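One structure is given below, encoded as structure tokens.
Residue numbers (our numbering): 1255 to 1800.
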């Protein structure tokens, strides 16, 4: 049953509303507020979202950056300032590339890998080393050293190659070196994980279980807030007695005992089989670990061979599948170019929110991008900037990170923002989520041919609420009834109706006219509740083919 009066009131009020905030905001901006002359990569941030670090070759993020190399930058999103991190103590620019930063929770310490030889005095090994910058003391320190102070004879150059504890005391990193520890002399081609205690000037080998066995390997370290636990990836057969398949698995090292714990395990306690498990993230308290895996026996719900996201609750001793589709089915990994599964998982401190990248098929929208799984509500939400599946090439929604409250998702994207428009180069973007309200979830195909019909569905609304499906050609934003809409105030109401007793709706359009061919439309739902309050949905993008 339609509520005509409410919809008329809605239409008049919305047309009179000023444009306000957007769902997406650029983070990697220059000091003047524009987008840089080059793209960015290697994102990381603090749990509150205030400090964001990234790498870029841009020359205009800060004045005087003329080296033409990849550098490390830190953005303070509260003060709206940007800082060049990868410089020597005297302010000299690095003479080679710096990549893969991580930041401590308060933003004081930043670690990164660099091939520059002039960041500290005496760096003469011609290798990619790991450095720590103390922003409070304004110092830079080479940390990829042995206990005796030897510089490493191998490189530390890979994604997720280093991490730092909250107090800056412990720095963990991956290296190809074989001269940092007496039990790591097997081959400089093998990767290993180390941790440096900066206060004690001691370096410990993490990826080894038996002192006499030098064949253990490790990479992709992630450290807990206090530095007592480090997760990493390894294909070693010797780290844990329940792992004998030679696949990549996730392990956890306890600093106090040296005990290594198997993380990527099945309900029976054995290592997952049928595929590799990689790219772990540990929560600050060390309870939860998320990772990606193509193993086929980690969860009874997962019978596919695609790469999925899993969570290990170390307190409960459970392994949980995270990468469910919006409708509760398991991600299918449907084939096609670059359809290689879910990856790049990150997790909030309390384990409630997990974000990850998926190529498509996570929702009815079938869109490539970043997704958020709310473990409390059991919902999967597209948080990346809407795009067609073929835009997988361009890196939409890569490297997602979520704040502890779930209100912001950081990602790398080349789609641009409403503020800056389409860019074509990777930008660090915040997706701003309204976590205070019941958010309606709208889905449909990303494109339809003219002459065909469009099927739209939505859920998570108040049962019986009145809905209005609106469309516009832009996304300048407006507010009504306390809800912030993403579309332009010059929207049009396509149709109206009511949500059913489950808070769901479905609608099928008339055939799309040929005159609409080539147009891009933005759609959104307004839900008017019985008490007069208003909920808005996510906005979606629709392209008319023809």
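Note that beta-carbon positions come from the ideal geometry of N, C-alpha and C, so glycine has one too. Note that the structure is predicted; figures quoted are calculated from it, not measured.
Assigned secondary structure, residue i (DSSP; H/G/I helix, E/B strand, else coil)
i: residue 1781; result: strand
i: residue 1371; result: coil
i: residue 1722; result: strand
i: residue 1399; result: strand
i: residue 1356; result: strand
i: residue 1350; result: coil
i: residue 1711; result: strand
i: residue 1811; result: Residue 1811 lies beyond the residue range present for the chain, which begins at 1255 and ends at 1800; the question has no answer from this structure.
i: residue 1407; result: coil
i: residue 1537; result: coil
i: residue 1727; result: coil
i: residue 1527; result: coil
i: residue 1598; result: strand
i: residue 1494; result: coil
i: residue 1654; result: strand
i: residue 1645; result: Note that residue 1645 scores a pLDDT of 44, beneath 50, so its modelled location is shaky; the value from the coordinates is reported in the next line. In this structure, residue 1645 counts as helix in the three-state DSSP scheme.
i: residue 1364; result: strand
i: residue 1504; result: strand
i: residue 1693; result: coil
i: residue 1578; result: strand
i: residue 1518; result: coil
i: residue 1590; result: Residue confidence is low: residue 1590 scores 42 on pLDDT, short of 50, so the model does not pin down where it sits. No coordinate-derived value is stated.
i: residue 1385; result: strand
i: residue 1437; result: coil
i: residue 1391; result: coil
i: residue 1610; result: strand
i: residue 1795; result: strand
i: residue 1701; result: strand
i: residue 1634; result: strand
i: residue 1422; result: coil
Identity of the residues DSSP links to residue i by a beta bridge
i: residue 1416; result: 1427
i: residue 1662; result: 1686
i: residue 1473; result: 1487
i: residue 1448; result: 1427 and 1459
i: residue 1542; result: 1567
i: residue 1746; result: 1725
i: residue 1307; result: 1298 and 1328
i: residue 1733; result: 1738
i: residue 1336; result: 1329
i: residue 1572; result: 1567
i: residue 1667; result: 1681
Contacts around residue i, its chain only, beta-carbon distance under 6 Å, and the 5 residues preceding and following it disregarded
i: residue 1375; result: none
i: residue 1447; result: 1428, 1460, 1461, 1472, 1475 and 1486
i: residue 1540; result: 1478 and 1483
i: residue 1332; result: 1304
i: residue 1799; result: 1701 and 1703
i: residue 1353; result: 1296, 1309, 1324 and 1367
i: residue 1444; result: 1471
Chain-order list of residues whose beta-carbon lies under 8 Å from that of residue i (same chain, five-residue window excluded)
i: residue 1399; result: 1405, 1406, 1434, 1450 and 1457
i: residue 1682; result: 1280, 1281, 1282, 1294, 1297, 1306, 1308, 1329, 1664, 1665 and 1666
i: residue 1452; result: 1386, 1395, 1397, 1422, 1423, 1424 and 1425
i: residue 1532; result: 1474, 1487, 1502, 1504, 1545, 1546 and 1547
i: residue 1633; result: 1580, 1627, 1695 and 1714
i: residue 1766; result: 1702, 1703, 1704, 1705, 1706, 1707, 1708 and 1798
i: residue 1348; result: 1321, 1323, 1325, 1340, 1341, 1342, 1368, 1370, 1372 and 1373
Cβ neighbours of residue i in the same chain (closer than 7 Å, five flanking residues each side left out)
i: residue 1408; result: 1381, 1429, 1430, 1431, 1432 and 1442
i: residue 1590; result: Caution is warranted here: a pLDDT of 42 is assigned to residue 1590, below 50, making its placement in the model unreliable, and no coordinate value can be reported.
Of the listed residues the options, nearest to residue i (C-alpha basis)
i: residue 1635; options: 1695, 1602 and 1328; result: 1695
i: residue 1717; options: 1748, 1755 and 1521; result: 1755
i: residue 1307; options: 1362, 1287 and 1555; result: 1362
i: residue 1528; options: 1511, 1505 and 1561; result: 1561
i: residue 1780; options: 1360, 1504, 1792 and 1774; result: 1792
i: residue 1724; options: 1740, 1736, 1713 and 1735; result: 1740
i: residue 1543; options: 1584, 1603 and 1493; result: 1603
i: residue 1387; options: 1403, 1445, 1379 and 1355; result: 1355
i: residue 1502; options: 1481, 1463, 1546 and 1514; result: 1546
i: residue 1771; options: 1563, 1368 and 1705; result: 1705
i: residue 1480; options: 1347, 1737, 1498 and 1536; result: 1536
i: residue 1454; options: 1345, 1552, 1530 and 1402; result: 1402
i: residue 1654; options: 1288, 1299 and 1285; result: 1299
i: residue 1495; options: 1523, 1313, 1597 and 1377; result: 1523
i: residue 1563; options: 1367, 1629 and 1511; result: 1629
i: residue 1509; options: 1760, 1463 and 1610; result: 1463
i: residue 1761; options: 1736, 1625, 1712 and 1566; result: 1712
i: residue 1612; options: 1572, 1744, 1693 and 1597; result: 1597
**Message:** So, does the segment 1693-1708 touch the segment 1277-1293, judging by three or more C-beta pairs under 8 Å?
**Reply:** no
**Message:** I want to know whether the segment 1337-1354 touches the segment 1309-1325 - three or more CB-CB distances under 8 Å.
**Reply:** yes
**Request:** Would you check if the segment 1726-1744 and the segment 1764-1781 touch, i.e. whether three or more CB-CB distances between them fall below 8 Å?
**Result:** yes
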